[in-house]
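First the structure, in the form of structure tokens, and then the observations on it.
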Amino acid sequence: MGILCCFQSHAGGGGGHDQAVPSSSAASPSSATSSSGNKDRPLSERNNSVDYSNLVALVNEIVGDSVSYRHKRVADEILKMGKAGKVTARAFTYAELSEATGGFRPESLLGEGGFGPVYRGRLPPKSTGPEVAVKQLDRNGMQGTREFLVEALMLSLLKHPHLVTLLGFCTDADHRMLVYEYMPLGSLEDHLLDLPPGRAPLEWATRMRVAQGAARGLEYLHDTAQPPVIYRDFKASNILLDTGFRARLSDFGLAKVGPSGDKTHVSTRVMGTYGYCAPEYALTGKLTTMSDVYSFGVVFLEIITGRRAIDTTRPPDQHNLVLWAGPRFKNKRRFAEMADPMLQGDYPTKGLHQALAIAAMCLQEDATMRPGISDVVTALDYLTVAGGGTTDIDDDQGPDPDEQQQTDDDAQA
Numbered sequence: 001m002g003i004l005c006c007f008q009s010h011a012g013g014g015g016g017h018d019q020a021v022p023s024s025s026a027a028s029p030s031s032a033t034s035s036s037g038n039k040d041r042p043l044s045e046r047n048n049s050v051d052y053s054n055l056v057a058l059v060n061e062i063v064g065d066s067v068s069y070r071h072k073r074v075a076d077e078i079l080k081m082g083k084a085g086k087v088t089a090r091a092f093t094y095a096e097l098s099e100a101t102g103g104f105r106p107e108s109l110l111g112e113g114g115f116g117p118v119y120r121g122r123l124p125p126k127s128t129g130p131e132v133a134v135k136q137l138d139r140n141g142m143q144g145t146r147e148f149l150v151e152a153l154m155l156s157l158l159k160h161p162h163l164v165t166l167l168g169f170c171t172d173a174d175h176r177m178l179v180y181e182y183m184p185l186g187s188l189e190d191h192l193l194d195l196p197p198g199r200a201p202l203e204w205a206t207r208m209r210v211a212q213g214a215a216r217g218l219e220y221l222h223d224t225a226q227p228p229v230i231y232r233d234f235k236a237s238n239i240l241l242d243t244g245f246r247a248r249l250s251d252f253g254l255a256k257v258g259p260s261g262d263k264t265h266v267s268t269r270v271m272g273t274y275g276y277c278a279p280e281y282a283l284t285g286k287l288t289t290m291s292d293v294y295s296f297g298v299v300f301l302e303i304i305t306g307r308r309a310i311d312t313t314r315p316p317d318q319h320n321l322v323l324w325a326g327p328r329f330k331n332k333r334r335f336a337e338m339a340d341p342m343l344q345g346d347y348p349t350k351g352l353h354q355a356l357a358i359a360a361m362c363l364q365e366d367a368t369m370r371p372g373i374s375d376v377v378t379a380l381d382y383l384t385v386a387g388g389g390t391t392d393i394d395d396d397q398g399p400d401p402d403e404q405q406q407t408d409d410d411a412q413a
């Protein structure tokens with residue numbers, strides 16, 4: 001509970017504590033491995049463990065196949081997992097997805113990412129079928145076959161209320177597409193950083209709830225999945241919002257299977273988005289779950305401030321959000337400067353101070369001094385209740401379908 005002890009000192013605005021940056025003892029390495037709050041998680045978040053230790057070898061093997069055979073292998077492997085009861089993703093034909101999206105017409109385009117364009121569609125029956133988002137691989141895009149395979153296979157196995165749900169895939173001929181449930185509220189970026197004129201900004205409590213949900217998604221990847229998954233591209237545009245602003249992590253093309261056994265890190269080519277990468281990863285290529293914690297700290301700071309991680313439209317000394325925030329973290333009298341002006345002061349002072357303390361701990365340059373994501377979740381759980389927010393949206397909407405299925409399975413066991 002070191003992280004809680006650290007930010008509770010900022011609750012009353014006094015006591016002589018002038019910095020949000022924690023002492024090294026407050027964020028000791030032991031806290032990074034703590035799972036003290038895990039027993040209080042909803043059932044679907046605690047027991048939904050997966051084992052895909054052969055995934056890396058499988059992806060490497062398929063990438064090495066000939067192009068003509070590669071697409072069949074993807075479908076075969078996912079269908080094989082489906083028969084084993086591990087996944088529910090189905091194979092779609094190109095014709096089915098073309099019909100669902102109206103021939104991939106421009107009016108159906110939701111946006112574009114590194115993978116390619118994403119289209120909105122509806123599965124049969126046309127008037128009442130589920131709405132979907134169809135991600136189509138851009139053959140000339142930045143991401144390619146390996147990323148497609150990683151996302152298709154990994155999301156076929158990973159199931160959690162705070163991850164997007166993969167409904168299916170298409171590997172017809174040279175087409176490569178992934179089909180997800182449609183997220184009606186778009187991304188966190190849409191509501192925080194690309195706010196159109198006339199739209200009200202996110203309230204403080206909603207911001208904290210989104211951060212809480214995104215952190216729970218990371219907690220599942222880091223602490224429940226075996227071996228752990230390092231997300232590697234945690235940013236506002238990859239946090240999608242379900243009804244009620246429940247956060248869902250998306251875009252797993254850059255995700256990596258984390259270290260196992262006595263290994264401490266994964267060495268890999270530096271990937272991700274500038275402004276969000278942990279300094280040790282950017283310098284050495286050594287990737288750990290603490291790299292994700294740093295990225296979470298950047299996004300959490302965006303949530304608090306309403307500023308982009310990198311914004312070249314601002315004065316030069318404000319281009320980099322973390323560098324801009326650095327001196328303000330060290331002076332409590334400047335904390336209010338970091339609150340999003342769009343909030344117009346409508347936030348709890350105690351909650352702001354505690355949120356800044358969490359962000360500062362996640363942004364420690366020394367990775368060993370950052371808290372583990374389970375401790376971050378525990379702190380955010382505390383903050384949403386004690387700091388003027390609300391409990392997580394999962395508790396407000398009745399049982400989640402995945403959670404209900406897990407409960408039913410346990411009852412039959």
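Residue numbers for the sequence shown, in UniProt numbering: 1 to 413. Here a beta-carbon is modelled for each residue, glycine too, at the ideal position from N, C-alpha and C.
Contact check for Ile303 against Gly275 fails: the beta carbons are separated by 8 angstroms or more.
The stretch 219-234 makes contact with the stretch 283-292: 3 or more CB pairs, one atom from each, lie closer than 8 angstroms. Between the stretch 197-217 and the stretch 342-360 there are three or more C-beta pairs closer than 8 angstroms, enough to call the two in contact. CA-to-CA, the gap between Tyr180 and Gly168 works out to about 7 angstroms. Taken atom to atom, the span from the alpha-carbon of Leu97 to that of Thr128 is near 16 angstroms. Boundaries for Ile303: no beta strand (DSSP E) harbours it, while the alpha helix (DSSP H) harbouring it runs 289-305, taken from the DSSP string. Put simply, the backbone Cα of Glu107 is about 29 angstroms away from that of Val210. If you ignore the 5 residues before and after Thr273, its C-beta comes within less than 6 angstroms of the C-beta of Lys235, all in its own chain and listed in chain order.
The C-beta distance from Val132 to Arg122 rounds to 7 angstroms, short enough to meet the 8 angstroms contact threshold. When DSSP states are grouped into helix, strand and coil, Asn331 belongs to the coil group. C-alpha of Pro341 to C-alpha of Val150: approximately 40 angstroms in a straight line. Counted as a single uninterrupted DSSP element, the alpha helix (DSSP H) harbouring Gly213 occupies residues 204-219. Straight-line measurement puts the Cα of Thr312 at about 42 angstroms from the Cα of Asp172.
By the C-beta criterion, the stretch 176-192 is judged not to be in contact with the stretch 325-336, since fewer than 3 inter-stretch pairs fall below 8 angstroms.
Here DSSP, grouped into helix, strand and coil, assigns Phe234 to coil.
The beta carbons of Leu158 and Ala225 sit about 6 angstroms from each other, so the pair counts as a contact at 8 angstroms.
If you check the CB distance, Ala255 and Met154 come in under 8 angstroms. Listed as beta-bridge partners of Ile239 by DSSP are Leu249.
Residues of the same chain with a CB within less than 6 angstroms of the CB of Thr305, apart from the 5 flanking positions on each side, are Met338, Asp340 in chain order. Sorting Val257, Phe245, Ser250, Ala367 by C-alpha distance to the C-alpha of Tyr294 places Ala367 at the top. Leaving aside the five residues that flank Arg370 on each side, the residues in its chain whose CB is nearer than 7 angstroms to its CB run, in chain order, Ala27, Ala32, Met290, Val293, Tyr294, Met361, Cys362, Gln364.
With respect to the 8 angstroms criterion, Ser250 and Leu241 are not classified as neighbours on the basis of their beta carbons.
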